[in-house]
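A.B. asks: Numbering (our numbering), first residue to last: 42 to 108.
The beta carbon of each residue, even a glycine, is placed where N, CA and C say it ideally should be.
Given the structure is predicted, the values throughout are model-derived calculations rather than measurements.
1) DSSP state of residue 69, grouped into three classes?
2) What three-state label does DSSP hand residue 102 in the structure shown?
3) Comparing C-alpha positions only, which one of 88, 70, 94 and 78 sits nearest to residue 100?
4) For the beta strand (DSSP E) containing residue 84, list its first residue and its last residue.
5) Between 107, 94, 75 and 80, which has its C-alpha nearest residue 60's C-alpha?
Below is the structure:
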């Protein structure tokens with residue numbers, strides 16, 4: 042079952058680091074949640090050594106701290 046909640050998503054992947062593999066996240070998180078987080082500037086897409094990654098932004102860190 043895919044993660045379908047932005048708070049759960051952010052806690053599951055970004056609690057211990059600022060970037061995470063986009064491919065791994067895409068397999069485990071509903072695409073609506075990812076798009077919602079990008080549109081609300083909680084995460085963005087970056088490339089590290091030609092690998093697509095998602096990086097948490099300050100708004101996303103606020104969600105983690107609020108829980």
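C.D. replies: The short version:
1) helix
2) helix
3) 78
4) 84-89
5) 94
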